[in-house]
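Each remark here refers to the structure printed beneath this line.
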């Protein structure tokens, strides 16, 4: 059990620790969209797009650090500052984001399902409360039309996605219940096999793809208009979804296996299948899925000494003082042993490959901020214009960039709603 929590929390912690170190030398955060570049074209193109990040893990961070106030602008480097808050979202010109309702996985039994459901509900409630507290700046979105409407009046939009179908338990009615609370995509599995199907990173398969219950869940998601997310799933699970889903599917935060050969990424046949299905793959900014970077053994050893504290934190067992103490220790490790991270160019190499295989209409951006994402010069949401800069440098046109930043994902979302309407009418 601890080993699983440790694996997930290491990604979570590494993202935070790397951010802390970067800021020592780069303390200023851009003050408005596009100011991370002096190029006027970058500003104009970035502001012309409906910019959407399909995967940010802020809700679990809020639960782990309830003293965090997302309405104010934290400078990267402060304890528990994370990679998203509303001010930095505004400064980075990010119009909308899918907040991930991520639940760590325990045993596949009634007790585990109940605990996960409770945690998911708490994250949803805290997110909703924050939005209610900032009605003039940000609001919930349930459809592409909502995001467009909010963007026109200068407000940010928050969608909800569920990372890991574990909280659904074994009750198909739970899919409707979470839909009613605003969930608009579900990542079927996470790092371990669950009751829906096999994960790409578990030691061995349990279901040889989707479970019978997982098949029923996919069909119910289609009926309701919830997008099916295949990031994290085993290849066999992926192909079962391709066979079964009546709507286009998404990979909310995945990359190209041809460029970086890890199970979490998509091979070219999978990319082609997503294209044929009308779906989209959202570029993930988590370093290990982008490029192999040499590890510092001293850094690894220092982090390992904090493994038990990290696991306890991720299980919600630390009070605020203990959390602050842990983060100070982690910052000290980062100061002494800075982490090497891939560049934005390294990440866009994946997008280039996916475009070469799938075409421009099937790619997007899903950062995985606050869950492991973050690159050199792309440490948090305030620096999103740097993606636009790199895309322009590569020769992408403004119209293509608008598709990448949100147009493609919203097209898939619209089609999922159309399929749901058709299913409900028959």
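Residue numbers (my numbering): 843 to 1268. All C-beta atoms, glycine included, are put in the ideal place defined by N, C-alpha and C. Note that the structure is predicted; figures quoted are calculated from it, not measured.
- Message: Which residues does DSSP list as the beta-bridge partners of residue 887?
- Response: Sequence index remark: in the chain shown, residue 887 carries index 45 (1-based). Bridge partners of residue 887: none, in fact.
- Express the C-alpha separation of residue 956 and residue 1011 in angstroms, rounding to a whole number. Position 169 of the chain shown, counting from 1, holds the residue named residue 1011. Position 114 of the chain shown, counting from 1, holds the residue named residue 956. Approximately 7 Å between the Cα atoms of the pair.
- Task: Pick helix, strand or coil for residue 863, following the three-state DSSP scheme.
- Result: Sequence index remark: in the chain shown, residue 863 carries index 21 (1-based). Residue confidence for residue 863 is low, a pLDDT of 37 falling below 50, so the modelled location carries little weight; the figure read from the coordinates is stated next. Helix, per DSSP.
- Task: Just confirm the distance between the C-beta atoms of residue 1206 and residue 896, as a whole number of angstroms; I'd bet it's less than 8 Å.
- Result: Residue 1206 sits at position 364 when you count from the first residue of the chain shown. Residue 896 sits at position 54 when you count from the first residue of the chain shown. About 6 Å; that satisfies the 8 Å criterion.
- Cutoff 6 Å; reference residue 998; Cβ partners in own chain excluding five residues on either side: Reading the chain shown from its first residue, position 156 is the one you call residue 998. Same-chain partners within the cutoff: 931, 980.
- Looking at the structure shown, is residue 1106 part of a helix, part of a strand, or coil, going by DSSP? On the chain shown, position 264 is the one that residue 1106 refers to. Residue 1106: coil per DSSP, three-state reduction.
- Item | Coil, strand or helix - residue 1249 by DSSP | In the chain shown, residue 1249 corresponds to position 407, counting from 1. If DSSP states are grouped into helix, strand and coil, residue 1249 belongs with the helices.
- Task: Could you give the DSSP three-state label for residue 1135: helix, strand or coil?
- Result: Mapped onto the chain shown, residue 1135 falls at position 293. Residue state, collapsed to three classes: coil.
- Distance between residue 1090 and residue 1064 (C-alpha atoms, nearest Å): Here residue 1064 refers to the residue found at position 222 when the chain shown is read from its first residue. Here residue 1090 refers to the residue found at position 248 when the chain shown is read from its first residue. Whole-angstrom Cα-Cα distance: 9 Å.
- Beta-carbon proximity of residue 995 to residue 1039, cut-off 8 Å: Looking up residue 995 in the chain shown gives position 153. Looking up residue 1039 in the chain shown gives position 197. For residue 995 and residue 1039, no; Cβs fall outside 8 Å.
- Message: In the DSSP output, what is residue 895 paired with across the bridge?
- Response: Looking up residue 895 in the chain shown gives position 53. Its beta-bridge partners are 939.
- Message: Please identify the residue among 1092, 1019, 1081, 1008 whose C-alpha is closest to the C-alpha of residue 1055.
- Response: Your numbering for residue 1055 matches position 213 in the chain shown. The shortest C-alpha separation from residue 1055 is found at 1008.
- Task: With distances taken Cα to Cα, identify the nearest neighbour of residue 992 among 1004, 973, 1003, 1006.
- Result: Position 150 of the chain shown, counted from the start, is the residue given in the question as residue 992. Selected option, being the one with the closest Cα: 973.
- Classify residue 844 as helix, strand or coil using the three-state DSSP reduction. What you label residue 844 is simply residue 2 of the chain shown in a count that begins at 1. Below a pLDDT of 50, predicted positions are generally treated as unreliable, and residue 844, at 36, falls in that range; the measurement from the model is reported next regardless. Correct three-state label for residue 844: helix.
- Item | With 16 other Cβ atoms within 10 Å as the buried cut-off, status of residue 866 | In the chain shown, counting from the first residue as 1, residue 866 sits at position 24. Summary for residue 866: the model assigns pLDDT 28, below 50, so the residue's position carries little reliability; its value from the coordinates is reported in the next sentence. Its Cβ having fewer than 16 others within 10 Å, residue 866 is exposed.
- Message: By alpha-carbon positions, which one of 1129, 1116, 1079 ends up nearest to residue 1042?
- Response: Numbered from 1 along the chain shown, position 200 holds the residue referred to as residue 1042. Comparing Cα positions, the closest option is 1079.
- Helix, strand or coil for residue 1001 per DSSP? The sequence position of residue 1001 within the chain shown is 159, counting from 1. Looking at residue 1001 - three-state DSSP - the assignment turns out to be strand.
- Message: Which same chain residues end up closer than 8 Å to residue 901 when comparing Cβ atoms and leaving out the 5 residues on each side of it in sequence?
- Response: The residue you call residue 901 lines up with position 59 of the chain shown. Cβ neighbours of residue 901 beyond the five flanking positions: 941, 942, 943, 944, 965, 966, 968, 969.
- Pull up the distance between the alpha-carbon of residue 1183 and that of residue 962, whole angstroms please. By one-based count along the chain shown, residue 1183 stands at place 341. By one-based count along the chain shown, residue 962 stands at place 120. Near 31 Å, if we compare the C-alpha coordinates of residue 962 and residue 1183.
- Is there contact here, the region 1192 to 1204 with the region 1149 to 1163, by at least three beta-carbon pairs under 8 Å? no
- Query: Looking at residue 1087 and residue 1070, is the spacing between their C-beta atoms short of 8 Å?
  - Reply: For this step, residue 1070 is matched to residue 228 along the chain shown. For this step, residue 1087 is matched to residue 245 along the chain shown. Yes. Within cutoff.
- Message: Please return the same chain residues whose Cβ sits closer than 7 Å to the Cβ of residue 1132, not counting the five positions on each side in sequence.
- Response: As a position in the chain shown, residue 1132 is number 290, starting the count at 1. Closer than 7 Å at Cβ, skipping near neighbours: 1097, 1102, 1184, 1188, 1189, 1192.
- Mapping DSSP to helix, strand and coil, what is residue 1027? On the chain shown, residue 1027 is found 185 positions in, with the first residue counted as 1. In this structure, residue 1027 counts as strand in the three-state DSSP scheme.
- Using 10 angstroms around the beta-carbon of residue 1268, count the other beta-carbons present and answer buried if the total reaches 16, otherwise exposed. The residue you call residue 1268 lines up with position 426 of the chain shown. The residue in question, residue 1268, is exposed, as its Cβ has fewer than 16 Cβ neighbours within 10 Å.
- Looking at C-alpha atoms only, which residue of 906, 925, 905 is the closest neighbour of residue 1211? In the chain shown, residue 1211 corresponds to position 369, counting from 1. Among 906, 925, 905, the Cα nearest to that of residue 1211 belongs to 925.
- Looking at the unbroken alpha helix (DSSP H) that takes in residue 1017, where does it start and where does it end? On the chain shown, position 175 is the one that residue 1017 refers to. Run containing residue 1017: 1015 to 1022, per the alpha helix (DSSP H) assignment.
- Query: Within 10 angstroms of its Cβ, does residue 1250 collect 16 or more other Cβ (buried), or is it exposed?
  - Reply: Taking the chain shown and counting its residues from 1, one reaches residue 1250 at position 408. Classification for residue 1250: buried.
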